[in-house]
Structure formats: C-alpha cells, structure tokens
Amino acid sequence: MGSSWLQFVAGGLTSGAIYALVALGFAIVFNASGAINFAQGEFVMVGSMSAVTLLGLGLPLPVAVVLAIAAAAVVALIIERIAIAPARHAETVTLIIITIGVSLFLRGLAQLLWGTGVFRLPGFSGDEPIAVGNATILPQSLWVLGGAAVSVVLLATFYRRTLLGKAMLATSYNRLAAQLVGIDTRVVLFASFGLAAALGAIGGVLIAPIAFTSYDAGIMLGLKGFAAAMLGGLGSFAGAVAGGLLLGLLEGLGAGFVSSAYKDAIAFVVILAVLFFLPGGLLGTRHRDRV
Amino acid sequence: MGPAIATVSERVPARHWVASARSGGTLLLAAIVAFAPLVLPNNYAYDVAVQIALNAIVCVGLNLLIGYAGQISLGHAGFFALGGYGSAILATRFGVPVWVSLPATCAMVGALAWLVGRPTLRLKGHTLAMATLGLGVIISIAITTEDRLTGGPDGMAVPPLVLFGAAVQGERLWYWIAGALLVAAVWLSLNLIESPNGRALRALHGSEVAAQTLGIDAARFKLQVFTLSAVFAALAGALTAHYAGFITPVKSSFLHSVELVIMVVFGGMASVFGAVVGAAVLTVLPQLLTVLKDYEMMVFGAVLVATMVLFPQGIVPTLARRFGGRAR
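For the protein sequence lines, the chains are H and E, in the order given.
Whatever position you read off the first sequence (first residue = 1), add 33 for the working numbering.
Whatever position you read off the second sequence (first residue = 1), add 2 for the working numbering.
The structure is reproduced here in structure tokens:
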C-alpha cells in the first residue's frame, strides 16, 4: 500500500511538472495579450517531434534537444509575426480563435511531415528504473523534475534581472502604463510567444521518453496546461507552477486509486469544481474585476 | 477593439416589415429552403443540404453566445453528442419512444447547461471557455468509456425518428424537416436579438460595465443565451444521430467543438445569417477537400487564421458592410 502511494505520487509529480511548464506558457502569453494561446500544446509537440527527427539525423541527444527547443521558439516567433501581431488590436475572442487556427495548422503540418505514428526519445540517462523503497522510478522522471525546476528558476531570473523581463512583467501589470513609460508592447508580445513556446518545448522533450509523442500529442497536454493555469489563477506564475503540480498529483492519485479509464477526465473535474467554488483560482487575485 | 457589430442605436421604427432582418431575413431563408430542391440534383446533394441545415442550427445558437454575448464555448460538441447519445440511449436501452426521448434529452441538456453556466457566467473572462472545455472533455471521455451504454469508441446504432407513427427516412423527407427547423431556429434567434433582452445583450457586448449601470443583469442574459445554444446543439445532435442511424464519440470531441466555433466565426460573429453561411461553407469544404485529405487540417487552420486576420468580423458582416446592407 505504502509503495503504491509513492509510485502514484512520483508519477503524478512527473506529469505535474510538465503541466506546470505548459501552464507557464499560457500565463506568459495571457499576460502579454489577454488571450488564451490554444497553440501552446502544439509547441510542446513541435519540440518533442523535432527532437526525435534531429536525433534520427544522427545528432547527439543534447544537441538535438537544444536545437528542438530553439526550433519550437522560432516557429512560435514566425507565427506571432504572421498571425498574431496583425490582429493584436482585435477582440480577445478573435485572438483566441486565431490561436485555435494556428494549432490546427501546426497539427496538420505535423501530420503531413511525420505521419500519424508514435515516436519516442531515449531516456536522457538510460531507461533502467531506480528502486526507491518498494516503488520504482524512471531516471527520466528525475530529469523531468530537475529540468522543470531549472527552467522555472531561469524564468524567474529572466524576469527579475533582464530589461526585457522587467518590461514583460510591467506589461502584464498594466499594458497602458507600460506603454506610457516607453515599453514597446509589440516586442513584449513577440518575446512572450517565443518564451512560451520554448517552455512548452522543454516540457515536450523532457516527457517524450516517458509518454511518447505523436502529431496530436499536444492536444491533451495543451488542454491540461490550460486547466493548470486556470487552477492556479490565470496570469499568475507561481499559480501556474502550483496548479500544474497539484493537477498532476491529483491525476496520479486519481488514476491509481479511483479509475484509470477516467485519468484524463480528473483534471477537468477538478477544474470545474474550482471554477464553481473558488473562481479566482488558487493564487489568482491579480486580475480581479474592477468596476 | 470597439464594438464589433450593430449598435443599440440603430432602431429604425419606420422600416417596412419585409425590409427588417427579422421578418424579411427569415422569409428569404425560408424561400431559399423552399426553392433549393429545384437545383439539388440527387440524394447526395440532399444529404449535404441536410447536414448543412443541422450544423447551421447549432451555429445559430452558438453565434448568439459568441457574437452577441461575447462568450466562447469550447464544449458544444459535448452538448451535441449528449443530444444524440441521450436520445439514442433512452430509445434503445429504455424503450422510450423517439418522439419523447428527443425532446426529453434536449430538456436535460438544457438543464445541464444551465447548471454549468449559472456559476461560471457570473465570472468574467475565460471561465466559460474553460468550463465548457472541461465539460466537453469529460462528456467525451465518459461516452468513450461507458461502453455498455454507449458502445464505446465504436459508437452505437440509433433508431430512426418516428413521427405520427411512421419512421422518418430518406434524404428528401429529412431535408424538409431540417430545413423547417432551421428556419424556425433563425426566426427564434432573430426575435431574441430584436427583443429588449437582445438589445441588452448587444449593449453588453459593447461595454458590460455600461450595460450594468443601465440596470442590465448581464449574467442572467448570458445564461439564457448559453442554455438556448446548448439546447439547439442537443437538438441538432439528436437529429443528426437519428438521421444517420449511427453515432460515434467523434461527435463529442474537442475538435468537433472547435469546428463548430470555426463555422460561426468564419460566417460572421453576431450575424445569424453569417452562422448559416459559415455552416454551409464549412460543411461543403471538407467534401471538396476529400481529394486533399492529407492537407485538410492544415487548410482548415490556415483558412481560419486568414479569415480572422483579414475579416475579424467574418465573411457575411464584412460583405454586408461593403455593399451597404445590414448584417444580421
């Protein structure tokens, strides 16, 4: 009994770390544009699928991983220029629908490039499970948790120490005020897309050895990342991380002790409950309505 | 920014009734439905027409929500599939006659939408999108998992619609039923938009704060529209299932929800006829794209992005403005 607890918690935290990275991407774009970027999940997929392809070309794993993350960011930056920037004055609903269009386009493109097969990256340091008590943990789980933690720390440093990071933070507090002090919010929006995509792609390559990847792997990861962001409070970075970990944990325990068939539904049951009983999310107080 | 559409001030009292969108527009649509059979060459064309009409019913309802209430639903495929599965399950597993099971299912879906919408629509921003998305995914997973009731991923057979003791079969008969219901749905929606409630709804889209200061209960009107749109989706879903004689979980998928939203925004937000045109174009387009099956999703996505960037208001309102007419 004790060992299955540990097993489910470890599994849950591993998925939760990925949801946290995806949720951070949602928060970053939301803070820059006020819109939900439904293509966020697709960037996760672009990252992991590119890594598989680059590895297939004979590149060493670390190089393939770094290039794949960069590729996802570049794709996001191009898309921001073509599809998002021209419509940045449109209503939020319009922006959301544009991102849905982008996600369909990317998924269609991925299907064309890679087919409908399922791919997998090798574990970063082997696939030999580590015994912890009576539970076994894949070394890749440690990579996921460590990688996610490093990403979050780097992100926090970026926001605190760099001019662009500070500009992005200022824009998220008040876009008009940011413009008034001379911040180019177009650059902020541009950078936000690249940053969000890079975080998503990091999640994608980290989880690919465990969960595998395919052209449509981004749908569920994207939706759960959105749920995690809402759970923590949309726009809050700490909330995104907390929401992601909590969601993964609940999912791991729910799948283990309640029903594995309904594993994917658990996240959404939780989010519905939160919306009904705790509408601001766990840590989301910044965007409260003012009249 | 700026209010997308027709503002509250455009009441034109002296307008002749034929020229008004409500009566004239409904008459025009009725005429199109009545005379289209003159150019429909075969049963395949009738079949496409039936699908267009059924999709258009969903879109007309969804358009009220997206275009007029400014709220997005990413779970309408859930309501659509619940309509189909609900009516089918009541009829086959519980022996309820179809003419009872169909309206009963629509009422139940309406009640569900009301329950979900009541707490979420009081909140601002993206909560309805999240709630409907969550509900849709849960419905989809439940339909796929509860295979004793629903047949699981393979889907289930659905008995035919029975009216006045006779089974409704054949594309031509279905054409008239679906067409008549579409005209009724459009008429109902136009009435709602022209009603004081509708004007309130449009004021709401312009500025919710301003509308509230005028005493408009924003949440209540949004809830009405959301519930109505869910009932329309359930009705169309049930009819689609009885018409096809079969339903699979694909109808409940997130992608189907997205497809429905695409139809609405492509045709034109806040334009009832835009919703019909959007449903028509995007029902026919995949039929034409079957030769390009591999590119279908890419083309769909590209069309959606291009439409929203070039015509943020959708096709029908943009054209209507260009030719000086009124989009409604």
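Backbone N, C-alpha and C define an ideal beta-carbon position, used for all residues, glycine too.
CB contact check: residue i to chain H, cutoff 7 Å
i: L306/E; result: yes
i: G112/E; result: no
i: I74/E; result: yes
i: D219/E; result: no
i: D338/E; result: Any property of residue 338/E remains undetermined from this structure, which presents chain E solely from 3 to 330.
i: D296/E; result: yes
i: F228/E; result: no
i: V311/E; result: yes
i: P251/E; result: no
i: P121/E; result: yes
i: P314/E; result: yes
i: I140/E; result: yes
i: V274/E; result: no
i: V322/E; result: Reading the sequence as shown, one finds Ala at residue 322/E and not Val. By this cut-off, A322/E is not an interface position.
i: G280/E; result: no
i: A133/E; result: yes
i: M265/E; result: no
i: F302/E; result: yes
Burial state of residue i, where buried means 16 or more other Cβ atoms lie within 10 Å
i: D160/H; result: exposed
i: N45/E; result: exposed
i: N167/H; result: exposed
i: L308/H; result: buried
i: R204/E; result: buried
i: D297/H; result: buried
i: L192/E; result: buried
i: A187/E; result: buried
i: A329/E; result: Residue placement at A329/E is flagged as unreliable, the pLDDT there being 44, under the threshold of 50; a coordinate-derived value is accordingly withheld.
i: N57/E; result: buried
i: I145/E; result: buried
i: S231/E; result: buried
i: H122/H; result: exposed
i: G27/E; result: buried
i: K257/H; result: buried
i: G266/H; result: buried
i: T150/H; result: The question names Thr, but residue 150/H in the sequence shown is Gly. Exposed, since its Cβ has fewer than 16 Cβ neighbours within 10 Å.
i: Q289/E; result: exposed
i: P99/E; result: exposed
i: S292/H; result: exposed
DSSP beta-bridge partners of residue i
i: M158/E; result: I249/E
i: I170/H; result: I163/H
i: T246/H; result: F152/H
i: V60/E; result: Partner(s): none; V60/E has no beta bridge.
i: F157/H; result: G159/H
For residue j and residue i, believed in contact at Cβ under 8 Å, the rounded distance
i: A90/E; j: F228/E; result: Incorrect: roughly 25 Å between the Cβ atoms, too far for contact.
i: T204/H; j: V221/H; result: 5 Å
i: S254/E; j: G80/E; result: 6 Å
i: F256/E; j: L137/H; result: Actually they are not in contact, since the Cβ atoms of F256/E and L137/H sit about 11 Å apart, beyond 8 Å.
i: L46/H; j: G281/H; result: 6 Å
i: L241/E; j: L66/E; result: Their Cβ separation, rounded to whole angstroms, is 19 Å, which puts L241/E and L66/E out of contact at 8 Å.
i: A235/E; j: G63/E; result: 6 Å
i: F157/H; j: L90/H; result: With 8 Å as the limit, F157/H and L90/H do not qualify as a contact, their Cβ atoms being about 18 Å apart.
i: G239/E; j: G119/E; result: No, G239/E and G119/E are not in contact; Cβ-Cβ is about 18 Å, not under 8 Å.
i: T218/H; j: R208/H; result: 6 Å
CB contact check: residue i to chain E, cutoff 7 Å
i: T127/H; result: yes
i: M78/H; result: no
i: A109/H; result: no
i: R323/H; result: Reliability of the predicted coordinates at R323/H is poor, the pLDDT of 37 falling under 50, and no value is obtained from them.
i: D249/H; result: no
i: R24/H; result: Residue coverage of chain H in this structure runs from 34 to 324, which leaves residue 24/H outside it and unanswerable.
i: I133/H; result: yes
i: V307/H; result: no
i: I69/H; result: yes
i: L137/H; result: yes
i: F301/H; result: yes
i: D160/H; result: no
i: L145/H; result: yes
i: M263/H; result: yes
Any alpha helix (DSSP H) of 4 or more consecutive residues that is wholly inside the stretch 90–175 of chain E: 100–122, 129–147 and 149–152
Inside the stretch 239–289 of chain E only - alpha helix (DSSP H) runs reaching at least 4 residues: 256–269
Length at least 4, wholly inside the stretch 172–253 of chain H: the alpha helix (DSSP H) runs in chain order: 172–194, 196–206, 208–213 and 218–244
Contained beta strand (DSSP E) runs [length at least 3] in the stretch 40–98 of chain H, N- to C-terminal order: Unbroken beta strand (DSSP E) runs of no fewer than 3 residues, entirely contained in the stretch 40–98 of chain H, are not found.
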